[in-house]
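Report on the structure given below.
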Amino acid sequence: MKLALIAVKLSLITLPLVLSELLVPHYSQFEKSCFICAYEIIYAYLGSIITGNYSQVDEIWSVSPMLYAWALRQSGTRGLLVFGLVFAWGFRLTLNFCRRGGFQGEEDYRWAVLRKKIPNPVLWQLFNIGFICIIQNILIMAFTLPVHYVPPGDCEQLDLVFGGVTLFFLGFETLADQQQWNFQTKKYELINKKVEMEPYYSRGFCTSGLFKYSRHPNFFAEQLIWWSLYLFTRGLNVSIVGPAALSLLFHFSTDFTEEITLSKYPQYKVYQQRTSRLIPWFCSQKPSFNP
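Mapping to the working numbering: the sequence shown position 25 is 25, numbers consecutive.
Listed below in C-alpha cells is the structure:
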C-alpha cells in the first residue's frame with residue numbers, strides 16, 4: 001500500500017514533464033519549465049486543500065528539479081554531466097525523504113508550529129498559496145535555472161573539477177543525513193522501549209560525526225551543491241539568483257528550525273555556543289553539556 005501511494009504521487013509530480021512534451025512541444029525550454037512550475041503550484045495547492053497537509057512542496061522539492069534539469073538541459077557531454085548530477089542529487093534526496101515517511105501523508109513539524117503563529121484561517125490560506133505553493137515552487141525552478149546557462153558542448157577539464165566538487169558535497173550531505181538518521185532511529189527506539197537513555201540520546205539532538213563541527217552540515221552541503229552546479233555556467237549571469245535565493249531561504253529556515261529545537265531541548269543553547277551554525281569548524285569544549 002505504501003509503495004503504491006508513493007508510486008501514484010511520484011507519477012502525479014512527474015506528469016507535467018510528459019504533458020509539456022505532448023501538449024506544448026513547440027514551447028521553448030524556459031516556457032516548458034514555466035509550464036512545469038505552474039502545474040506544481042496547482043498540484044501543491046489542491047493537495048493541501050484536499051488533505052489538510054501543507055507538506056506538498058516537500059514532496060515536490062527533490063523531484064521537480066530533475067524535471068527542470070531535463071527540460072533545460074544543454075547539448076553535449078557537459079549538459080549531460082550537469083543533468084546527471086542533478087538527477088543523482090534528486091534520486092538520493094527522494095530516497096531519503098521516502099524512508100522518513102515522505103509521500104505517505106506525514107507533515108513537516110514546522111508547518112504545525114507556523115500555523116499556531118498564524119491562527120487566522122484566511123491569513124493562513126493566503127500564506128499557503130502565496131509562500132508555500134507559489135514562491136517555493138518558483139524558487140525550485142530558479143535554483144535549477146543554471147542548467148539552462150551551461151554552455152553547450154563537450155566536457156573540459158574544468159567541468160570535471162566542478163563535477164568533482166559537486167559530488168563531494170553530495171557525498172557530504174549523504175553522510176550528514178545518514179548520521180542524523182542513525183541518531184534519530186536509535187533515540188526513538190530507546191524511547192519506545194521506555195529505557196533510561198544515556199546523556200548523548202537524552203539531550204535530544206545529534207552532536208557527533210559531522211554534527212560535532214556544524215549544527216546543520218546537511219544544510220551547508222545542500223546550498224553548496226547548487227552553487228557548485230552554478231560554476232558550470234562559466235560566469236556571472238541571471239541564474240545566480242537561484243542559488244542566492246536558496247541560501248536566503250535556508251538562512252531564515254535555519255533560524256526557525258533552531259527556535260523550535262531550542263523550545264524542545266534546553267541544552268540546545270549549549271550546543272549553539274559550542275558549535276558552528278553552518279560552516280564546519282572546530283567545536284569549543286565550553287560550555288559543557290549537563291549530564
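Glycine residues also receive a C-beta, built at the ideal position from the N, C-alpha and C atoms.
Since we're looking at a predicted model, the values are computed, not measured.
query                                                                                                                                                                                : result
So is Thr-185 buried or exposed if we call it buried at 16+ other beta carbons inside 10 Å?                                                                                          : exposed
Tell me the DSSP secondary structure of Gln-74 in three-state form.                                                                                                                  : coil
Less than 8 Å separating the beta-carbons of Ala-69 and Phe-83?                                                                                                                      : yes
Below 8 Å between beta carbons: does that hold for Thr-233 and Val-161?                                                                                                              : no
Quick one: give me the first and last residue of the alpha helix (DSSP H) that Lys-2 is part of.                                                                                     : 2-23
To the nearest angstrom, report how far apart Leu-123 and Trp-111 are at their CA atoms.                                                                                             : 14 Å
Does the Cβ-Cβ distance between Glu-59 and Phe-87 come in under 8 Å?                                                                                                                 : no
To the nearest angstrom, how far is it from the Cα of Phe-220 to the Cα of Gln-136?                                                                                                  : 19 Å
Helix, strand or coil for Asn-290 per DSSP?                                                                                                                                          : coil
Since I believe Gly-204 is in contact with Lys-269 (beta carbons under 8 Å), could you give me their beta-carbon distance rounded to a whole number of angstroms?                    : Not confirmed; about 12 Å, so no contact.
DSSP three-state label for Tyr-213, please.                                                                                                                                          : coil
So what does DSSP say about Tyr-109, is it helix, strand or coil?                                                                                                                    : helix
At 4 residues or longer, and completely inside the region 22-106: list those alpha helix (DSSP H) runs for me, N to C.                                                               : 29-51, 56-61, 64-72 and 76-99
Measuring CA to CA, which of Gln-267, Val-147 and Leu-158 is closest to Asn-237?                                                                                                     : Val-147
Contact check, Ile-240 vs Thr-166 under 8 Å by CB: the rounded distance?                                                                                                             : Not a contact, Cβ separation roughly 16 Å.
I need the DSSP call for Phe-256, collapsed to helix, strand or coil.                                                                                                                : helix
Output the distance between the C-alpha atoms of Leu-158 and Arg-78, rounded to the nearest integer angstrom.                                                                        : 10 Å
For Arg-99, count neighbouring C-beta atoms within 10 Å of its own C-beta (all shown protein chains included) and say buried if the count is 16 or more, exposed if not.             : exposed
Would you mind stating whether Pro-152 and Gln-74 have Cβ atoms separated by less than 8 Å?                                                                                          : yes
Can you confirm whether the region 244-251 touches the region 195-204 when touching is taken to mean that 3 or more C-beta pairs between the two stretches lie within less than 8 Å? : no
DSSP on Trp-227, reduced to helix/strand/coil?                                                                                                                                       : helix
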